[in-house]
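Engineer: Input: one structure, supplied below.
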Amino acid sequence: MNYLLQQIINSLGFGSIVALLAAGYTMTFGLIGLVNFAHGEVFMAGAFTAYFILTILKLPFWLAILMGLVGSIIIGLLVERLAFKPVRGSGMITLFIIGLGVSQILRNSTVMLFDARLKGFTISSFLKGVYMLGEVMIFKKTLFIFLPVLAICIILVYLIKNTKLGIAMRSLSYDTQMAQSLGMNTERVIIITFIISSALAGFAAVSWGYIYGSVHAGMGVYAVVNAFVASVIGGVGNVLGAIIAGYIIAIGGNLFIAFLPPDLVGLRPLFVWIIFFIILIFKPSGLFRANIK
Amino acid sequence: MEYVKRSNFIIKYVAGIGVIIFMLFLMERFLSGFWLTLFMLFGINVILAISLNITNGWIGFFSVGHGGIMLAGAYAAAFFTLPVFFKEGILDLNLPSFILHTQLSFLPALLIGGIVGTVIGIILVLPALRLRGFYFCAGTLGFNIIMETIAENIPEITNGPMGLRQFPPYTNIWWVWGIAILLIYITWMVKKSYIGRAFIAIGKDPDLAEHMGINLLKYKLYAFGLSAFFTALGGILWVHLILNLFPKAFNLILVFEVVAMIVIGGMGSITGSIIGAAIITFFSDVLAPIEEGFSLFGFNVPSMLGLMTVLIGVLLVVILIKKPNGIMGEKEISLGFFRKFLRTKQT
Amino acid sequence: MSKNPLLKLNNVLAGYGKMNVVNNISIRVNQGEIVTLLGSNGVGKTSTLRTIIAQTDLKKGEIKYKDINITHFPTYKIAELGIGYCPEGRAIFGNLTTKENLQAGAYLLKSRQKFKENLDRVYSLFPILKERSNQIAELLSGGEQEMLAIGRSLMNNPNLLLLDEPSLGLAPKLVELIGKTLREINKEGVSILLIEQNAKMALEISNYGYLMRKGSIVLEGTAKELVADDRVKEVYLGII
Numbered sequence: 001m002n003y004l005l006q007q008i009i010n011s012l013g014f015g016s017i018v019a020l021l022a023a024g025y026t027m028t029f030g031l032i033g034l035v036n037f038a039h040g041e042v043f044m045a046g047a048f049t050a051y052f053i054l055t056i057l058k059l060p061f062w063l064a065i066l067m068g069l070v071g072s073i074i075i076g077l078l079v080e081r082l083a084f085k086p087v088r089g090s091g092m093i094t095l096f097i098i099g100l101g102v103s104q105i106l107r108n109s110t111v112m113l114f115d116a117r118l119k120g121f122t123i124s125s126f127l128k129g130v131y132m133l134g135e136v137m138i139f140k141k142t143l144f145i146f147l148p149v150l151a152i153c154i155i156l157v158y159l160i161k162n163t164k165l166g167i168a169m170r171s172l173s174y175d176t177q178m179a180q181s182l183g184m185n186t187e188r189v190i191i192i193t194f195i196i197s198s199a200l201a202g203f204a205a206v207s208w209g210y211i212y213g214s215v216h217a218g219m220g221v222y223a224v225v226n227a228f229v230a231s232v233i234g235g236v237g238n239v240l241g242a243i244i245a246g247y248i249i250a251i252g253g254n255l256f257i258a259f260l261p262p263d264l265v266g267l268r269p270l271f272v273w274i275i276f277f278i279i280l281i282f283k284p285s286g287l288f289r290a291n292i293k
Numbered sequence: 294m295e296y297v298k299r300s301n302f303i304i305k306y307v308a309g310i311g312v313i314i315f316m317l318f319l320m321e322r323f324l325s326g327f328w329l330t331l332f333m334l335f336g337i338n339v340i341l342a343i344s345l346n347i348t349n350g351w352i353g354f355f356s357v358g359h360g361g362i363m364l365a366g367a368y369a370a371a372f373f374t375l376p377v378f379f380k381e382g383i384l385d386l387n388l389p390s391f392i393l394h395t396q397l398s399f400l401p402a403l404l405i406g407g408i409v410g411t412v413i414g415i416i417l418v419l420p421a422l423r424l425r426g427f428y429f430c431a432g433t434l435g436f437n438i439i440m441e442t443i444a445e446n447i448p449e450i451t452n453g454p455m456g457l458r459q460f461p462p463y464t465n466i467w468w469v470w471g472i473a474i475l476l477i478y479i480t481w482m483v484k485k486s487y488i489g490r491a492f493i494a495i496g497k498d499p500d501l502a503e504h505m506g507i508n509l510l511k512y513k514l515y516a517f518g519l520s521a522f523f524t525a526l527g528g529i530l531w532v533h534l535i536l537n538l539f540p541k542a543f544n545l546i547l548v549f550e551v552v553a554m555i556v557i558g559g560m561g562s563i564t565g566s567i568i569g570a571a572i573i574t575f576f577s578d579v580l581a582p583i584e585e586g587f588s589l590f591g592f593n594v595p596s597m598l599g600l601m602t603v604l605i606g607v608l609l610v611v612i613l614i615k616k617p618n619g620i621m622g623e624k625e626i627s628l629g630f631f632r633k634f635l636r637t638k639q640t
Numbered sequence: 641m642s643k644n645p646l647l648k649l650n651n652v653l654a655g656y657g658k659m660n661v662v663n664n665i666s667i668r669v670n671q672g673e674i675v676t677l678l679g680s681n682g683v684g685k686t687s688t689l690r691t692i693i694a695q696t697d698l699k700k701g702e703i704k705y706k707d708i709n710i711t712h713f714p715t716y717k718i719a720e721l722g723i724g725y726c727p728e729g730r731a732i733f734g735n736l737t738t739k740e741n742l743q744a745g746a747y748l749l750k751s752r753q754k755f756k757e758n759l760d761r762v763y764s765l766f767p768i769l770k771e772r773s774n775q776i777a778e779l780l781s782g783g784e785q786e787m788l789a790i791g792r793s794l795m796n797n798p799n800l801l802l803l804d805e806p807s808l809g810l811a812p813k814l815v816e817l818i819g820k821t822l823r824e825i826n827k828e829g830v831s832i833l834l835i836e837q838n839a840k841m842a843l844e845i846s847n848y849g850y851l852m853r854k855g856s857i858v859l860e861g862t863a864k865e866l867v868a869d870d871r872v873k874e875v876y877l878g879i880i
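This is the structure:
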């Protein structure tokens, strides 16, 4: 029982990252049908911005978090305006290919500017160490990430359910022209959605840096796959579903390898794909109600 | 009359083949190592591009799993082509005895690897076939990771992440371009035949195709089978050229490059795939040394690894925005095309 | 006829891409009036309405609202000016609840007080909506959805309401209710431009009307004049 609890606690860090990424991903996916394969690199951009501020400029951690958000937002908006807007309305495959192209551009540009190695995050001393809950170990840094992320998720879901912006997003995703007829400036709503989505990715990126102690140019690819699968499981456009699915995937993945013989640990990446295939074959609409048609 | 037409036809074919053989002979004779290798890489890219075009461009199932198929085929062939002393002695691989103690020549290895790649490709694609459009595409993305993860985690068979070396350098320009020309010929003939039209019908409107009596599953399997076979051959040729193989060998960048080839060239066009392959080969292999850094007029340009991939990415995005059908669209190059071109030049 | 109409279309030529569906249309709606567009299916009535809210390609002509030239305004700006739109076939947001649809309708409303007032107003007009307020709109019946669509278009206190076939596919009792509702809100000052297949109901409540054919206006006049006209009777054989 304790072992199980420990595995779950250990998954909260990665789970938070996937939850944030999946939430952001599903927002743009549900809103304008945008398959954003470049989301992983928006994520990575935030990580590198934070890395730059933290480790190279050696500035305080709160500035790194802030600049991480800014970095992701800037890259996210640039990608949207330059690569996705010109082809808005195209089929999902076209959008996927463009996303693939953009992701290669961003990823290799980062390799060009920095290099492909791991980049260490300098972690402030107060984030090191563990709390003990009986026999279960909780890393301080996990808690420092999980709690804010939980708060962010609650705020996000509230925003979508109860505010004008949320109603605008959901209306727009169902029938853009009708939404405009009601006075909604849909282009602006889309931009705001991208900003939120990118900011979530930025926070996830900084979290990654703190949890794993380092970032690298390829971190986006694995993360975006997890985010994509989580958003499909959670139901397209369903932010709460994506968040929950994100945690489920992380916890599930950890439990999966926890109960495997030790030399099969390398099979971890397969878990997400197995889940993906199972869901797509048996219940394509996801486990939760999809928000959008 | 018939007799004359027939012999005209045969003469054209024989002459054509003769010209090709002659050119390959000249190339092998007179091209330096770099240019020869380059031309072989171009040939392999042509094979990969045209194979991918069959599934992505014709029957409209956009697959990005070709990395996994190449991996499967390459490993399968490698088990047979690697020298016995290496397999048994140095690595002590846990392979069945008949594989461990044989070393085959290229042709049987190609066939075996091709068939293994095809079988694995079809097994993996079957569950995904019921997915439509983009979800199919996302599913195939997993092939690569699945095969890579498997290859990494059964070191008794594949030597894990360290990979395999000591490959006999079987690949030469004859094999590469022989297979490439064979593929071009097959796909050209297929495109003109009923099978090809069925493929394209499925790509354009699967429901209509079904109503016209086309057995969807059968033709999809044909398409995937043909595509996977030659994709696997491409992987095998590659591995016997660069002489090593490891799980990450056919990673996302390679997958991406082949996708770029067919999109830039024009999905659905064989000529387009060849042109696309040429362009990507140009960037990826001819211009590649630029990445290492160089000096120009006394300026030292530093090394910029990954620059070529960035440029290919930019090219891909620009084409998708400005000319989404690619350079050739769905058309092929033909005499009519040349005549039109000449006519507009004269007027 | 007052000198300054609320809404003016002058020689408008519009369509979709290369196709022209609205051929040289000139229409006036005066403050406080109910004006009807009549005509059989496919003559361009819906497209005329859509042109007003900038959802077609307008090639020639101009549209003026309260003397403001709105010809090239984007849709949302036109809504901001106080023009409400209730399209054909309901067009409710199926993924939102009834109440959320009404909230969407009140998007431009700034005051919470006004929102509550308007919400109560819509609920009193269509009590069934209050009962179903937390139900997903997709699951409402056809009639309920139509009421929701009309209610939603009222949430923003529009000055000019564009309604496209509000009675389509509805039971006679509901059609009566809708006619009554339109008359009520018109008395409160809302001008209405109406498209209706049910010419009887439309001409009963309207002041003025236009008969369209093949994208152009072939006849216009007061409701009384139109009711008596043979051409109108010809289009709506048996209905009048």
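Protein chains in written order, with the numbering used here: chain S, 1 to 293; chain D, 294 to 640; chain B, 641 to 880.
Ideal Cβ placement from N, Cα and C applies to all residues, glycine included.
Just so we're clear, the structure is a prediction, and the values are computed from it rather than from any experiment.
Which chain D residues sit within Cβ distance under 8 Å of Ser109 of chain S?
Structural biologist: One-based indexing of the first sequence puts residue 109 of chain S at position 109. Chain D residues near Ser109 of chain S: Gly599, Val603.
Engineer: Per DSSP, what kind of secondary structure is Gly861 of chain B in: helix, strand or coil?
Structural biologist: Here residue 861 of chain B corresponds to residue number 221 of the third sequence, with the count starting at 1. In the structure shown, Gly861 of chain B sits in a strand (DSSP, three-state: E or B).
Engineer: Name the chain S residues whose beta carbon is nearer than 8 Å to that of Glu321 of chain D?
Structural biologist: Position 28 of the second sequence holds residue 321 of chain D. What Glu321 of chain D touches in chain S: nothing, since even the nearest Cβ is about 34 Å away.
Engineer: Sorted by chain position, which residues of the same chain lie with C-beta nearer than 7 Å to Ser390 of chain D's C-beta, five sequence neighbours on each side aside?
Structural biologist: Position 97 of the second sequence, counted from the first residue, corresponds to residue 390 of chain D. Within the same chain, Ser390 of chain D has no close Cβ partners at all.
Engineer: Pick helix, strand or coil for Val272 of chain S, following the three-state DSSP scheme.
Structural biologist: Counting from 1 along the first sequence, the entry for residue 272 of chain S is found at position 272. Val272 of chain S: helix per DSSP, three-state reduction.
Engineer: Out of B:Val675, B:Ile692, B:Val661, which one is the CA nearest neighbour of Val683 of chain B?
Structural biologist: Here residue 683 of chain B refers to the residue found at position 43 of the third sequence. Selected option, being the one with the closest Cα: B:Val661.
Engineer: Below 7 Å CB to CB, which residues in the same chain sit around Thr26 of chain S once its five sequence neighbours on both sides are set aside?
Structural biologist: Taking the first sequence and counting its residues from 1, the one referred to as residue 26 of chain S is at position 26. Its chain contains Ser231, Gly234, Val236, Gly237, Asn238, Val239, Ala242 as the residues whose beta carbon lies nearer than 7 Å to that of Thr26 of chain S, once the 5 sequence neighbours on both sides are disregarded; these appear in chain order.
Engineer: Give the straight-line distance between the Cα atoms of Asp498 of chain D and Ile405 of chain D, rounded to the nearest whole angstrom.
Structural biologist: Counting from one through the second sequence, the residue named residue 498 of chain D turns up at place 205. Counting from one through the second sequence, the residue named residue 405 of chain D turns up at place 112. If you take the alpha carbons of Asp498 of chain D and Ile405 of chain D, they lie about 35 Å apart.
Engineer: Drop a sphere of 10 angstroms on the beta-carbon of Arg107 of chain S, count the other beta-carbons inside from all chains shown, and report buried for 16 or more, exposed for fewer.
Structural biologist: Counting from one through the first sequence, the residue named residue 107 of chain S turns up at place 107. Burial call: buried.
Engineer: Please give the ranges of any beta strand (DSSP E) in the segment 56–128 of chain S, keeping only runs that are unbroken, at least 3 residues long and fully inside the region.
Structural biologist: none
Engineer: List the whole-angstrom C-beta distance separating Ser807 of chain B from Glu844 of chain B, where the pair is believed to meet the contact cut-off of C-beta under 8 Å.
Structural biologist: Within the third sequence, numbered from 1, the residue matching residue 807 of chain B stands at position 167. Within the third sequence, numbered from 1, the residue matching residue 844 of chain B stands at position 204. Actually they do not touch by this definition, with Cβ atoms about 12 Å apart.
Engineer: In or out: Arg170 of chain S buried (at least 16 other Cβ within 10 Å) or exposed?
Structural biologist: Indexing the first sequence from 1 puts residue 170 of chain S at position 170. So Arg170 of chain S ends up on the buried side.
Engineer: Do you know how far the Cα of Lys685 of chain B is from the Cα of Asn650 of chain B?
Structural biologist: For the purposes of this step, residue 650 of chain B is taken as residue 10 along the third sequence, with counting starting at 1. For the purposes of this step, residue 685 of chain B is taken as residue 45 along the third sequence, with counting starting at 1. Their backbone Cα atoms lie some 16 Å apart in a straight line.
Engineer: Just tell me which of B:Glu757, B:Gln671, B:Ser687 has its CA closest to the CA of Lys854 of chain B.
Structural biologist: The residue labelled residue 854 of chain B in the question sits at position 214 within the third sequence. Selected option, being the one with the closest Cα: B:Ser687.
Engineer: At the 8 Å Cβ level, is Met44 of chain S part of the contact set with chain D, yes or no?
Structural biologist: Residue numbering aside, residue 44 of chain S sits at position 44 when the first sequence is read from its first letter. With 8 Å as the cut-off, Met44 of chain S does not count as an interface residue toward chain D.
Engineer: Among the candidates B:Gly672, B:Tyr848, B:Thr691, whose CA atom is the shortest distance from the CA of Pro727 of chain B?
Structural biologist: Position 87 of the third sequence, counted from the first residue, corresponds to residue 727 of chain B. Nearest C-alpha to Pro727 of chain B: B:Thr691.
Engineer: Within this structure, are the beta carbons of Gly120 of chain S and Gly218 of chain S separated by less than 8 Å?
Structural biologist: For the purposes of this step, residue 120 of chain S is taken as the residue at position 120 of the first sequence. For the purposes of this step, residue 218 of chain S is taken as the residue at position 218 of the first sequence. Result no, Cβ atoms of Gly120 of chain S and Gly218 of chain S do not sit closer than 8 Å.
Engineer: May I ask which residues mark the beginning and end of the alpha helix (DSSP H) holding Lys658 of chain B?
Structural biologist: Stepping through the third sequence from its first residue, residue 658 of chain B is reached at position 18. Careful: Lys658 of chain B lies outside any alpha helix (DSSP H) and carries neither H nor E.
Engineer: Does the beta carbon of Ile626 of chain D come closer than 8 Å to any beta carbon on chain S?
Structural biologist: Within the second sequence, numbered from 1, the residue matching residue 626 of chain D stands at position 333. Not an interface residue.
Engineer: Does Gln785 of chain B pass the burial test, meaning 16 or more other C-beta atoms within 10 Å, or should it be called exposed?
Structural biologist: Taking the third sequence and counting its residues from 1, the one referred to as residue 785 of chain B is at position 145. Its Cβ being crowded by 16 or more others within 10 Å, Gln785 of chain B is buried.
Engineer: Of the choices B:Gly861, B:Leu803, B:Met852, whose alpha-carbon is the least far from that of Leu834 of chain B?
Structural biologist: Residue mapping note: residue 834 of chain B aligns to position 194 of the third sequence, counting from 1. Closest option to Leu834 of chain B, Cα to Cα, is B:Leu803.
Engineer: Contact criterion: CB-CB distance below 8 Å. Does Lys317 of chain S meet it with respect to chain B?
Structural biologist: The structure shown does not extend to residue 317 of chain S, since chain S is modelled only from 1 to 293, so the question has no answer here.
Engineer: Does the CB of Asp175 of chain S have a neighbour CB from chain B at under 8 Å?
Structural biologist: For the purposes of this step, residue 175 of chain S is identified with residue 175 of the first sequence, where counting begins at 1. Answer yes: the Cβ-Cβ gap between Asp175 of chain S and chain B drops below 8 Å somewhere.
Engineer: At least one CB of chain D closer than 8 Å to the CB of Gly266 of chain S: is that the case?
Structural biologist: Translated into positions along the first sequence, residue 266 of chain S becomes position 266. Yes, Gly266 of chain S counts as interfacial toward chain D.
Engineer: Are the beta-carbon atoms of Met795 of chain B and Ile768 of chain B separated by less than 8 Å?
Structural biologist: Locating residue 795 of chain B in the third sequence gives position 155, where the first residue counts as 1. Locating residue 768 of chain B in the third sequence gives position 128, where the first residue counts as 1. It is not a contact, given that the beta carbons lie outside the stated cut-off.
Engineer: Let's see if you can read the secondary structure: which residues bound the alpha helix (DSSP H) around Met621 of chain D?
Structural biologist: Position 328 of the second sequence, counted from the start, is the residue given in the question as residue 621 of chain D. Run containing Met621 of chain D: none; DSSP gives neither H nor E here.
Engineer: With a CB to CB cut of under 8 Å and the five nearest residues on each side skipped, what residues in its chain are close to Pro462 of chain D?
Structural biologist: One-based indexing of the second sequence puts residue 462 of chain D at position 169. Correct list, in chain order: His533, Leu534, Leu536.
Engineer: Whole angstroms is fine: what's the gap from Trp470 of chain D's alpha carbon to Met363 of chain D's?
Structural biologist: Along the second sequence, one-based indexing puts residue 470 of chain D at 177. Along the second sequence, one-based indexing puts residue 363 of chain D at 70. When rounded, the distance between both Cα atoms is 18 Å.
Engineer: Could you check how far apart the C-beta atoms of Ser831 of chain B and Glu720 of chain B are, in whole angstroms? I think they sit under 8 Å.
Structural biologist: Counted from its first residue, the third sequence places residue 831 of chain B at position 191. Counted from its first residue, the third sequence places residue 720 of chain B at position 80. Not confirmed; about 17 Å, so no contact.
Engineer: Residues of chain B with CB closer than 9 Å to the CB of Met295 of chain S, please, in chain order.
Structural biologist: Only positions 1 to 293 of chain S appear in the structure, and residue 295 of chain S is not among them; the question remains open.
Engineer: What residue from S:Ile98, S:Leu54, S:Ser90 has the CA that sits closest to His39 of chain S's CA?
Structural biologist: Within the first sequence, numbered from 1, the residue matching residue 39 of chain S stands at position 39. It is S:Ile98.
Engineer: Alpha carbon to alpha carbon, what distance is there between Asp175 of chain S and Ile776 of chain B?
Structural biologist: Residue 776 of chain B sits at position 136 when you count from the first residue of the third sequence. Residue 175 of chain S sits at position 175 when you count from the first residue of the first sequence. Rounded to the nearest angstrom, the two C-alpha atoms are 15 Å apart.
Engineer: Which residues bound the beta strand (DSSP E) around Glu449 of chain D?
Structural biologist: Taking the first residue of the second sequence as position 1, residue 449 of chain D is located at position 156. First-last for Glu449 of chain D: 448–451, but that is the alpha helix (DSSP H), not the beta strand (DSSP E).
Engineer: Distance check for Pro269 of chain S and Leu66 of chain S, CA to CA, integer angstroms please.
Structural biologist: Walking along the first sequence from the start, residue 66 of chain S turns up at place 66. Walking along the first sequence from the start, residue 269 of chain S turns up at place 269. Going from the Cα of Leu66 of chain S to the Cα of Pro269 of chain S covers about 31 Å.
Engineer: Just curious, the beta strand (DSSP E) that Leu698 of chain B is in, first and last residue?
Structural biologist: Sequence index remark: in the third sequence, residue 698 of chain B carries index 58 (1-based). Segment 697–705, the beta strand (DSSP E) holding Leu698 of chain B.
Engineer: Would you list the one or two residues that DSSP bridges to Ile832 of chain B?
Structural biologist: By 1-based counting over the third sequence, the position of residue 832 of chain B is 192. In the DSSP output, where bridge partners are listed per residue, Ile832 of chain B has B:Ile674, B:Leu801.
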